[in-house]
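Let me begin by presenting the structure, written as structure tokens, before commenting on it.
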Amino acid sequence: MQQEYDQLLTRLSASMNDQASVAGMLHVFGLDAFDADTPITHLSGGQKTRLILAGILMANPQLLLLDEPTNHLDITMLEWLENWLNHYHGAALIVSHDRTFLNNTVNAILRIDTRSHQIKRYEGNYTEYLEQRLNEQEREWQTYQNQQEEIARLTASAAQVRSKATFRKGGKSDVKAGTDGFTAGFFKNRALETVRRAKSIEKRVDRLMTGEDHIDKPKPDWEMKIDFSEIPESGRDVLVIENLVIGYQQPLLDEINLILRYGQRCVLTGENGSGKTTLIKTILGQMPALQGSVRLGSNVKVGYMAQEQENLPPELNPYETLYRLGIMNETQTRYHLAKFLFKGDDVFVPNQNLSYGERARLTLACLVAEGCNFLLLDEPINHLDIPSRTQFEQALSAFQGTILAVIHDRFFIERFATEIWQVVNHRIN
């Protein structure tokens, strides 16, 4: 990782005429406070993303390929990137699940259908895509229902025709003894013709049910099925912070005096590297406070979702991770993981081989199973796709406990937060 960033910095410098230009771009991206020999490991996730973007944008490419460019960026940087892209004259192919970002930047959406393995283009931004997709799904359902009605009609028609053929063959229409051969042949041919009609109708039914004319029943995209069950109620004051100073050698945040009460859904925002994750780790007791105190209320059970899900044991797989919590038996563990899209042999893939999105889903599965009543979420939706983000938002809205979340997704914040704590000038407002 360090070598890759070193190579990026080399290309960054080579693309400019002088060091002043490099310094100017680093200033734009809020990286000018770091010395040239600062180890990359000292940068936050957002600062690393800024460094990568700085190198890419300064190269002035004709085609931009951006894979989740908004992950780890604070709101100020998100708005800057949106403005830059809107004035960019080249082409850009962007993989993103940030709905506000997509609404503000793109003029077309490419949807990958995981069942047909095809790509379809929709003109417009994300909201316009949703409208088109909804209309498309309604048409798909209507076409499918028309097919099913036609199958039912033809099946009934074939059955009726066959009953006539049977009647003519063995019922009142049987030819009586002594009937001349012409008459007997006439009735026999009529019966055969009726059977042929029935078979023809049945072939049409077969084509509609299994042949090339068949239309599959539309299926909704896979979504997580999150359900925060009954949780124990905590005391009124869930988190009490008094005269808190946090940081490393030097304070990042000071004079923090805050109270979080039961049932509040609070978002912690601020620029990258301002101390948000450090505050979360201090609340968890993973880092000592430089000064002041952090106190949890009575009957508070904390659930923590780390930014990169680094708290997942890399040597275990999803099944082992959940089962070892001692909450569920084997069958319940498999059933619970299936709600979070871990099915079949997926539950036995080592955690270290899971994608970021899969790790996020596994962490959520554990939090739900543990029944925590105070959730500390550090960028919880960074690696979730849009259907999963929507499902996650709905679940959190129904969650009866208390939540403190570090998040920069503006779409999410507008629908989720009941309170916002903003880091400004080493203080929290």
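Position in the sequence shown (first residue = 1) + 8 = the numbering used here.
C-beta: ideal position from N, C-alpha, C; glycine also.
For the pair Glu263 and Arg269, the Cα-to-Cα distance works out to about 20 angstroms. Arg204 and Arg161 have their C-alpha atoms spaced approximately 18 angstroms apart. With 16 or more other Cβ atoms from the protein chains shown falling within 10 Å of its own Cβ, Thr371 counts as buried. Listed in chain order, the non-local C-beta contacts of Ala297 below 7 angstroms within the same chain comprise Leu252, Val253, Ile254 and Thr290, local neighbours out to five positions each way being set aside. By DSSP's assignment, Cys274 forms a beta bridge with Leu412 and Glu427.
Under the DSSP definition of a beta bridge, Ala99 partners with Leu71. DSSP, read as helix, strand or coil, puts Val203 in helix. In this structure, Gly98 lies away from Leu142, with their beta-carbon atoms at least 8 angstroms apart.
In the same chain as Asp75, and ignoring 5 residues on each side of it, the C-beta atoms closer than 7 angstroms to its own belong to Val103, in chain order. With a beta-carbon spacing of about 6 angstroms, Ile120 and Ile127 fall inside the 8 angstroms limit used to define contacts. Collapsing the DSSP output to three states places Ile48 in a helix. Phe382 is bridged by DSSP to Val310 and Thr410. Inter-residue distance for Phe236 and Trp92 is about 40 angstroms (C-alpha atoms, whole angstroms). Taking all protein chains shown into account, Asp40 has fewer than 16 neighbouring C-beta atoms within 10 Å of its C-beta and is therefore exposed.
A straight-line Cα-Cα distance of about 8 angstroms links Asn325 and Gln360. Taking every protein chain shown into account, the CB of Asp386 has 16 or more other CB atoms within 10 angstroms, so this residue is buried.
At the C-beta level, Arg435 and Asn280 stay beyond 8 angstroms of one another.
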